[in-house]
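Chains as they are written, first to last, in numbering that gives the first Met the number 0: chain G, 0 to 164; chain W, 0 to 218.
Beta carbons: idealized from backbone N, C-alpha and C, even for Gly.
Here's the structure, in structure tokens; my notes come after.
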Amino acid sequence: MVNINTTLIWEVINFFILLYLLKRYLYGPIKEMLEKRAEQINGDLDQAKSEREDAEKLKEEYKEKLQEARSEAQQIIDEAEDRANKRAKDILKKADEKAEKLKEKKMQEIEQAKKEALTQLRDQIAGYTVLAAGKLIQEQLDVKKHEQLVNEFISELDKSKLGEI
Amino acid sequence: MNPGPKVIFHLFGQELLPVTDTLIVGWASVIIILILAKFLTVSLKLRPEGRQNIAEFMVELIYDQIEPMLPGEGWDFLPFIATIFIFIGVGNLVGLIPGVTSPTGDLNTTLGLALVVFLVSQYHGMKEFGIGGYLKGFAEPVIFLLPINIIGELAKPISHSFRLFGNVVGGGIIMTLIYQAAPALIPVPLHAWFGFFVGLIQALIFGMVAIAYISVAKS
């Protein structure tokens, strides 16, 4: 039952052949795969970390930029408001001046027109006076009297033989 | 009843080169293990699936046994220890097949492996402390203990090999007796116990003891 023979050597050779082949086909590839996986997971974690840090930095940067942009916009708005206020004041002032000028001009024109109207009125009054005087005279000389006067004149002309020419 | 290994034929007809049934089963075990290993690792991917998971689980399971005993050297000793475990495990399990004798039921197999473990542990001990330093370790703590330490060291491969051999052969003898005494089917659970459970446990113990011997030699 217990008999030491060459089987011992054969089994040891078996063992070493198995050791070599399993190392080559089982442990080696699996170890490599496990290490590769660990490496990749580590790499992915590192990458994720650095990416998160980058993102954090970018966020901070954008926040700052946004703040800057906001204050700049506020400044621009303030400036524009100031300018607009100033301009509005200018416009009002100019409008006032213009209105004043226009008023003065119109007043002058009114004065002129007044003067002209007075002159015209004077002239017309004179004309009317003449007309009225004429009418007054006309009313005193009626048509028949006129004809009589004209006829008397003509007959006198006849008498002096002047009508024979 | 003769539970020992039977000589099937003699290699090249030489009386000194007997080939026993246990040796043939040993060769068959090696081929089965290699086919299984190739099958489990036929397409390794970064994202494991199916059989790759089984292969990785087994390798990591063995690695987890080695690493605490030999810190930082788990991967260095893994091929050696894992091959012991797998070879003995499969060698024990093939004994479950009726008519097949376990290669581990032959003292030649267990003693051969135990001697390999013994030499490996001596080598690592000498590598760790130097030949002189390692040999001096046998005379510690007092020179008086030198013979006892040497006997203790030489007893290691003997106890190591006989433990496995005795368990497998003992289980085989008990099973043979029960099969002769009891009707069919009743011995089946017992057969499963001795073949499957004791077989795997003994493979694990053989591997763990190998780790322990190397670890002790290195410290």
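Mapping the DSSP letters down to three states, classify G/Thr6 as helix, strand or coil.
In the structure shown, G/Thr6 sits in a helix (DSSP, three-state: H, G or I).
Closer than 9 angstroms, Cβ to any Cβ of chain G: which residues of the stretch 102-114 of chain W, in chain order?
Pro102, Asp105, Leu106, Asn107, Thr108, Thr109, Leu110, Gly111, Leu112, Leu114
In or out: W/Lys155 buried (at least 16 other Cβ within 10 Å) or exposed?
buried
List, in chain order, every chain W residue whose beta-carbon is nearer than 8 angstroms to that of G/Leu44.
Result: empty, since nearest Cβ-Cβ is about 15 angstroms, beyond 8 angstroms.
Quick one: does W/Val29 have its CB under 7 angstroms from some CB of chain G?
With 7 angstroms as the cut-off, W/Val29 counts as an interface residue toward chain G.
Measure how close the beta-carbons of W/Ile53 and W/Leu39 come, nearest whole angstrom, since I'm counting them as under 8 angstroms.
Yes, W/Ile53 and W/Leu39 are in contact; Cβ-Cβ is about 6 angstroms, under 8 angstroms.
Under 8 angstroms between beta-carbons, which chain G residues line up against W/Thr40? List them in chain order, please.
Tyr24, Leu25, Pro28, Ile29
Should the stretch 40-57 of chain G be called in touch with the stretch 63-76 of chain W, which here means at least 3 C-beta pairs below 8 angstroms?
Here the stretch 40-57 of chain G makes no contact with the stretch 63-76 of chain W; the two share fewer than three CB pairs at distances below 8 angstroms.
Could you tell me the boundaries of the beta strand (DSSP E) in which W/Thr19 lies?
For W/Thr19, the enclosing beta strand (DSSP E) starts and ends at 17-19.
Assign W/Ile149 to buried or exposed, taking buried as 16 or more other Cβ atoms, counted over all protein chains shown, within 10 Å of its Cβ.
Under the 10 Å beta carbon count, W/Ile149 is surrounded by fewer than 16 other beta carbons and is classified as exposed.
Under the DSSP definition of a beta bridge, which residues are partnered with G/Phe14?
Residue pairing for G/Phe14: DSSP places it in no beta bridge.
Measure how close the beta-carbons of W/Gly198 and W/Asn91 come, nearest whole angstrom, since I'm counting them as under 8 angstroms.
3 angstroms
Residues in the stretch 32-63 of chain G with C-beta within 8 angstroms of chain W's C-beta atoms, listed in sequence order?
Met32, Leu33, Lys35, Arg36, Gln39
Please check if any C-beta of chain W sits within less than 7 angstroms of the C-beta of G/Glu67.
Closer than 7 angstroms: no.
Counting contacts by CB-CB distance shorter than 7 angstroms, is W/Thr175 in contact with chain G?
no
Between G/Lys143, G/Glu155, G/Met32, G/Ala112, which lies nearest to W/Glu48 when the distance is taken from Cα to Cα?
Scanning G/Lys143, G/Glu155, G/Met32, G/Ala112 for the CA closest to the CA of W/Glu48 turns up G/Met32.
Taking Cβ positions, are W/Phe76 and W/Leu69 nearer each other than 7 angstroms?
yes
Could you say which of W/Lys217, W/Ala183, W/Gly194, W/Ile157 lies nearest to W/Val220 if we only look at CA atoms?
Nothing about residue 220 of chain W can be read from this structure; chain W reaches only from 0 to 218.
Quick one: Cα of G/Glu110 to Cα of G/Tyr127, how far?
25 angstroms
Enumerate, from N- to C-terminal direction, the unbroken alpha helix (DSSP H) stretches of 4 or more residues contained entirely within the stretch 88-144 of chain W.
106-128, 130-135
Chain W beta carbons: is any one of them nearer than 7 angstroms to that of G/Glu10?
yes
Can you tell me the Cβ-Cβ gap for G/Asn13 and W/Gly25, rounded? I've got them flagged as a contact below 8 angstroms.
5 angstroms
Using the Cα positions of G/Asn18 and W/Thr82, report the straight-line distance between them to the nearest angstrom.
In the sequence as presented, Asn is not what sits at residue 18 of chain G; that position holds Leu. Cα to Cα, G/Leu18 sits roughly 6 angstroms from W/Thr82.
Got a sec: is the Cβ-Cβ distance from W/Leu144 to anything in chain G below 7 angstroms?
So no, W/Leu144 is outside the interface.
Report buried or exposed for G/Phe152, applying the criterion of at least 16 other Cβ atoms within 10 angstroms of its Cβ.
exposed
For G/Ile16, return the contacting residues in chain W, with the cut-off set at a CB-CB distance below 8 angstroms.
Val29
Hey, W/Thr21 and W/Thr108 are a contact pair by Cβ (cut 8 angstroms); roughly how many whole angstroms apart?
Confirmed, about 6 angstroms.
Contact check, G/Ile3 vs W/Leu106 under 8 angstroms by CB: the rounded distance?
Indeed they touch by this definition, with Cβ atoms about 7 angstroms apart.
Could you list which residues in chain W have their beta carbon closer than 8 angstroms to that of G/Ile3, in chain order?
Correct list: Leu106, Asn107, Leu110.
Terminal residues of the continuous alpha helix (DSSP H) containing W/Val215?
197-216
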